[in-house]
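Novice: Going down the list, the protein sequences come from chains A and B.
According to my numbering, the residues represented by the first sequence are 1284 to 1650, in order.
According to my numbering, the residues represented by the second sequence are 4 to 304, in order.
By construction, the Cβ of each residue, glycine as well, lies at the ideal position given by its N, Cα and C atoms.
All of these numbers come straight from a predicted model, not from anything done at the bench.
For reference, the structure I am asking about is given below.
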Amino acid sequence: MSIELKGVTKLFGDHAAVNNVTFSVKEGELMALLGPSGGGKTTVLRMIAGLEMPTAGDVFIRGQRVNDLSVQQRNIGFVFQNYALFKNMNVSRNIAFGLKIKRWKRANIRARIEELLKLFGLEGLERRFPHQLSGGQRQRVAIARALAPQPTVLLLDEPFGAVDARIRQELREWLVTLHHDLNVTTVFVTHDQEEALEVANRIVIFSGGVLEQVGTPREVYDQPANEFVARFIGAMNVLEPEVRGGVARIGELEFPAPGEADGQRIRIGFRPYAVQVSSDLTQHRYHAMLQHTFFLGVLLRLELELPSGLTIRARMTKEDYAHQGLEDGRQVSFQIRQYRLLAREAIGLQPEAELQSETPPVLGDNI
Amino acid sequence: MAEPGTRIRGGAQQASQRGTEESPLAKWVLIAITLAFCFVFLLLPLLNVFAQALTKGLGHYWQSLAEPDSRAAIWLTLVVAAICVPLNMLFGLAAAWAIAKFEFRCKSLLITLIDLPFSVSPVVAGLMFVVLFGLQGFFGNRLAAHGVKIIFAVPGMVLATVFITFPFVARELIPVMQANGTEQEEAALTLGANGWQTFWHVTLPSVKWGLIYGIILCNARAMGEFGAVSVVSGHIAGLTETMPLRVQVLYEGATAASTAAAFAVASLLALLALFTLGVKCLLEWKQARAERLIVARVERS
Chain A
1284 MSIELKGVTK LFGDHAAVNN VTFSVKEGEL MALLGPSGGG KTTVLRMIAG
1334 LEMPTAGDVF IRGQRVNDLS VQQRNIGFVF QNYALFKNMN VSRNIAFGLK
1384 IKRWKRANIR ARIEELLKLF GLEGLERRFP HQLSGGQRQR VAIARALAPQ
1434 PTVLLLDEPF GAVDARIRQE LREWLVTLHH DLNVTTVFVT HDQEEALEVA
1484 NRIVIFSGGV LEQVGTPREV YDQPANEFVA RFIGAMNVLE PEVRGGVARI
1534 GELEFPAPGE ADGQRIRIGF RPYAVQVSSD LTQHRYHAML QHTFFLGVLL
1584 RLELELPSGL TIRARMTKED YAHQGLEDGR QVSFQIRQYR LLAREAIGLQ
1634 PEAELQSETP PVLGDNI
Chain B
4 MAEPGTRIRG GAQQASQRGT EESPLAKWVL IAITLAFCFV FLLLPLLNVF
54 AQALTKGLGH YWQSLAEPDS RAAIWLTLVV AAICVPLNML FGLAAAWAIA
104 KFEFRCKSLL ITLIDLPFSV SPVVAGLMFV VLFGLQGFFG NRLAAHGVKI
154 IFAVPGMVLA TVFITFPFVA RELIPVMQAN GTEQEEAALT LGANGWQTFW
204 HVTLPSVKWG LIYGIILCNA RAMGEFGAVS VVSGHIAGLT ETMPLRVQVL
254 YEGATAASTA AAFAVASLLA LLALFTLGVK CLLEWKQARA ERLIVARVER
304 S
């Protein structure tokens, strides 16, 4: 294991920014710490770095307990959200800083700088100062500077937060390639679930200082550990039908709910891709009007309005849409292939997103 | 067809310019008022000081500066400034660091305290030290018993000047350090630097200009302070007179020769002020030139 956290808690005053968190990062892994702002993910990253000390629990790096080691002794590379480049130093001197501090030989420093400039596509910018660089260049300098002293782990705080959307996509792909080439254990913080799903090997999801789930992008998407994860990762339709005779009903929709008590309201969720839409009105059980189509690229998002006024979202490919001859205003039929029980009234419907640890069972297929 | 269109657009643009900019008349009137004000209140009195200083000729000018009591006053002024400015620099850095980089209770109280010397009359400041260290004062007796003399001696003057110039460096540095935040320092720590290396290579260079400006202001005030220093000095010619005090004593001499001598010392004080301003301008020019050179070099490559 490259990094291990065991029962780590961090209190700021009375507030637990991080609450009893345990997880580990494997050697060479690219790990995302994901969650809404205030979820405690940056605090976790700073505790791994040694910029914050845990109130309780232990942090290990390569099997060594590092609680009592200072930032300087942990041999980590840290990239700050706004890069924190040294304003009074040019690119070369920024990258050389850590090497000079560690008393590398001058010839070795020069060789290392040249190697990094080449690897990061920064040749020709050696003498520029941070304010003379673009956002993307600044980020690359910051990562080059962090990697220069050959750290055991690379930690990045919201690495794509400070650049505009167009460059962000480029940088994501670049980070994946870089990680593949260097194979340094890397942990990055993000609040963007798409970013985490796309870039990371595994994702740790936090909310309110609590660890909600650890898993591969596929695992957290397909098997969310709880309602929070289910709703945070990817889009989801959420409905609150009432149970009567083993069937939960809302508007026209019916969901088999065997074993659920009569008169109880439950919360169920289903992904837009689980909604199958057809222009053939006889094909599926439910009918709705296609109210609006949003073009997202290859995929389209469809908003369906049922006669009862209920609105649900579906997703389909551009080809399928064209093939079926769909357009806004058309009547369609649809079915919901898969859905999940997110919460029962008995265990508290009200405080959304605060349910934990109960794995929502898949209730049914093809209704 | 295209021509009328462009003309209309041009006309619209002109109208919008007139809407946002002042008329030329207002511009010149404002410039004239500012220049006239600067001339009457700044330049004219300054020129007058030099003119008065030279009424008795250059020979008398040098003589009045070379006179033992005046020489002692010049020396003492430099000594007081040489003690106060470094103390202020250390204090200013420490205070600005504490306020900008750490969170603690009563922070706003501390900031208000730092500003205190600005709001207290210098004469009151001088009296505070007399009350504390004078013979009838709080520590006075005990200090006198050990043969330590603070009031009516150089230590008292240094104390009063330190009090008066206390806020200058801190006031300049706090906003600069707050704007810089702590990320650069943390970055240095993650790269293995210790506290001293971080301060020397990262913090100090990033606040360099604020620090220099604070020191210049502090120095100007330390040399020019009259009120507080006057109260604690006792006006012992040749021993506890700084230049501003010397100017007053000479001026009150009321002979033509002593008045000219007063202006001679005053002109030297003014020259010191102009010199510090000159140093500031030179530093700013050098900084701007260094940046231009870098940009030019980058563009060439």
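Is it buried or exposed for Asn-1391 (chain A), if we count other Cβ within 10 angstroms and need 16 for buried?
Specialist: Asn-1391 (chain A) should be labelled exposed.
Novice: Given a limit of 8 Å on CB to CB distance, which residues of the stretch 1381-1392 of chain A reach chain B?
Specialist: Answer set for the stretch 1381-1392 of chain A: Gly-1381, Ile-1384 and Lys-1385.
Novice: Counting only the same chain and skipping the five closest in sequence on each side, list residues whose C-beta sits under 8 Å from that of Val-1291 (chain A).
Specialist: Cβ within range, chain order: Val-1301, Asn-1303, Val-1304, Thr-1305, Val-1327, Met-1330, Pro-1337, Ala-1339, Gly-1340, Asp-1341 and Val-1342.
Novice: Out of B:Gly-237, B:Trp-288, B:Thr-168 and B:Leu-81, which has the shortest C-alpha to C-alpha gap to Gly-137 (chain B)?
Specialist: The option with the nearest alpha carbon to Gly-137 (chain B) is B:Gly-237.
Novice: Comparing the C-beta of Gln-200 (chain B) with each C-beta of chain A, is any distance below 8 Å?
Specialist: Closer than 8 Å to some Cβ of chain A, the Cβ of Gln-200 (chain B) qualifies, so yes.
Novice: Measuring only between beta-carbons, confirm whether Val-179 (chain B) sits less than 8 Å from chain A.
Specialist: Not closer than 8 Å to any Cβ of chain A, the Cβ of Val-179 (chain B) fails to qualify, so no.
Novice: Distance, Cα to Cα, Ser-1353 (chain A) vs Leu-1480 (chain A)?
Specialist: Cα-Cα distance, rounded: 32 Å.
Novice: Which of the residues in the stretch 189-216 of chain B, read from start to end, lie with their CB under 8 Å from any CB of chain A?
Specialist: The stretch 189-216 of chain B vs chain A, Cβ under 8 Å: Glu-189, Ala-190, Ala-191, Leu-192, Thr-193, Leu-194, Gly-195, Ala-196, Asn-197, Gln-200, His-204, Val-205, Pro-208, Ser-209 and Lys-211.
Novice: Would you say Gln-290 (chain B) lies against chain A (beta-carbon separation less than 8 Å)?
Specialist: Gln-290 (chain B) does not count as touching chain A.
Novice: Within the chosen definition, does the stretch 76-89 of chain B reach the stretch 239-251 of chain B through at least 3 CB pairs nearer than 8 Å?
Specialist: Taking 8 Å as the limit for Cβ pairs, the verdict is that the stretch 239-251 of chain B does touch the stretch 76-89 of chain B.
Novice: Are the Cβ atoms of Ala-263 (chain B) and Ser-67 (chain B) separated by less than 8 Å?
Specialist: In this structure, Ser-67 (chain B) lies closer than 8 Å to Ala-263 (chain B) by Cβ.
Novice: How many angstroms separate the CA atom of Leu-1437 (chain A) from the CA atom of Ile-1378 (chain A)?
Specialist: Going by the C-alpha atoms only, they are around 15 Å apart.
Novice: Whose C-alpha, out of B:Ala-265, B:Glu-186, B:Leu-207 and B:Glu-287, is nearest the C-alpha of Phe-1361 (chain A)?
Specialist: Nearest of B:Ala-265, B:Glu-186, B:Leu-207 and B:Glu-287 to Phe-1361 (chain A), Cα basis: B:Glu-186.
Novice: For the candidate residues A:Lys-1293, A:Asp-1545, A:Leu-1582 and A:Gln-1506, whose alpha-carbon lies nearest to that of Arg-1623 (chain A)?
Specialist: The option with the nearest alpha carbon to Arg-1623 (chain A) is A:Gln-1506.
Novice: Just how far apart, CA to CA, sit Arg-1601 (chain A) and Gln-1356 (chain A)?
Specialist: The sequence as given places Lys at residue 1601 (chain A); Arg does not occur at that position. Distance between the alpha carbons of Lys-1601 (chain A) and Gln-1356 (chain A) is about 54 Å.
Novice: Taking its Cβ as the centre, do 16 or more other Cβ atoms sit within 10 Å of Pro-1539 (chain A), making it buried, or is it exposed?
Specialist: That one is exposed.
Novice: Taking Val-1354 (chain A) as the query, report the chain B residues whose CB atoms sit under 7 Å from its CB, ordered along the chain.
Specialist: By Cβ distance, chain B contributes Leu-192 and Thr-193.
Novice: Using a Cβ-Cβ cut-off of 8 Å, state whether Ile-1344 (chain A) counts as contacting chain B.
Specialist: Chain B, which has no Cβ nearer than 8 Å to the Cβ of Ile-1344 (chain A), makes this no.
Novice: Of all Cβ atoms in chain A, is any one closer than 8 Å to the Cβ of Gln-187 (chain B)?
Specialist: Answer yes: the Cβ-Cβ gap between Gln-187 (chain B) and chain A drops below 8 Å somewhere.
Novice: Are the beta-carbon atoms belonging to Ser-1616 (chain A) and Leu-1573 (chain A) less than 8 Å from one another?
Specialist: No.
Novice: Out of A:Gln-1364, A:Leu-1317, A:Ile-1384 and A:Asn-1358, state which residue places its alpha-carbon closest to the alpha-carbon of Trp-199 (chain B).
Specialist: The option with the nearest alpha carbon to Trp-199 (chain B) is A:Ile-1384.
Novice: Against Phe-1363 (chain A), what residues of chain B qualify as contacts under a CB-to-CB distance less than 8 Å, listed in chain order?
Specialist: Residues of chain B passing the Cβ test: Glu-186, Glu-189 and Ala-190.
Novice: Using alpha carbons as the reference points, say which of A:Asp-1297, A:Leu-1609, A:Val-1521 and A:Leu-1317 lies closest to Gly-1498 (chain A).
Specialist: Comparing Cα positions, the closest option is A:Leu-1317.
Novice: On a CA-only basis, which of A:Leu-1430, A:Asp-1475 and A:Leu-1288 is nearest Ala-1518 (chain A)? Give me that one, please.
Specialist: Nearest of A:Leu-1430, A:Asp-1475 and A:Leu-1288 to Ala-1518 (chain A), Cα basis: A:Asp-1475.
Novice: Mind the definition here: the stretch 155-164 of chain B touches the stretch 102-113 of chain B only if three or more C-beta pairs lie below 8 Å; say whether that holds.
Specialist: They do not touch, by the three-pair rule.
Novice: Just to confirm before moving on: does the CB-CB distance between Glu-1312 (chain A) and Arg-1485 (chain A) stay below 8 Å?
Specialist: Yes. Within cutoff.
Novice: Which class does His-1570 (chain A) belong to by DSSP, given the choice of helix, strand or coil?
Specialist: Strand at His-1570 (chain A).
Novice: Comparing alpha-carbon positions, which option in B:Ala-293, B:Gln-181, B:Lys-283 and B:Thr-193 lies nearest Ala-223 (chain B)?
Specialist: If we check each option's Cα against that of Ala-223 (chain B), B:Lys-283 comes out closest.
Novice: Exposed or buried, Arg-1389 (chain A), counting other C-beta atoms within 10 Å across all chains shown (16 or more means buried)?
Specialist: Flag for Arg-1389 (chain A) reads exposed.
Novice: Can you look up Lys-2 (chain B) in the DSSP assignment and give me helix, strand or coil?
Specialist: Examination of residue 2 (chain B) is not possible in this model, given that chain B is present from 4 through 304 alone.
Novice: Short check: CB of Pro-1434 (chain A) to CB of Ile-1359 (chain A), under 8 Å?
Specialist: Taking 8 Å as the Cβ cut-off, Pro-1434 (chain A) and Ile-1359 (chain A) qualify as a contacting pair.
Novice: Could you give the distance in angstroms between the alpha-carbon of Val-235 (chain B) and the alpha-carbon of Ile-114 (chain B)?
Specialist: Cα to Cα, Val-235 (chain B) sits roughly 27 Å from Ile-114 (chain B).
Novice: How many angstroms separate the CA atom of Ser-1417 (chain A) from the CA atom of Ala-1427 (chain A)?
Specialist: So the alpha carbons of these two residues sit roughly 15 Å apart.
Novice: Beta-carbon within less than 6 Å of Val-1374 (chain A)'s beta-carbon, same chain only, minus the 5 sequence neighbours each way: which residues are those?
Specialist: Cβ neighbours of Val-1374 (chain A) beyond the five flanking positions: Leu-1408, Glu-1409, Arg-1411 and Val-1424.
Novice: When DSSP labels each residue in this structure, what does Glu-1287 (chain A) get in the three-state scheme?
Specialist: Strand.
Novice: In whole angstroms, what is the alpha-carbon distance linking Asp-1648 (chain A) and Leu-1288 (chain A)?
Specialist: Residue confidence for Asp-1648 (chain A) is low, a pLDDT of 43 falling below 50, so the modelled location carries little weight and cannot support an answer.
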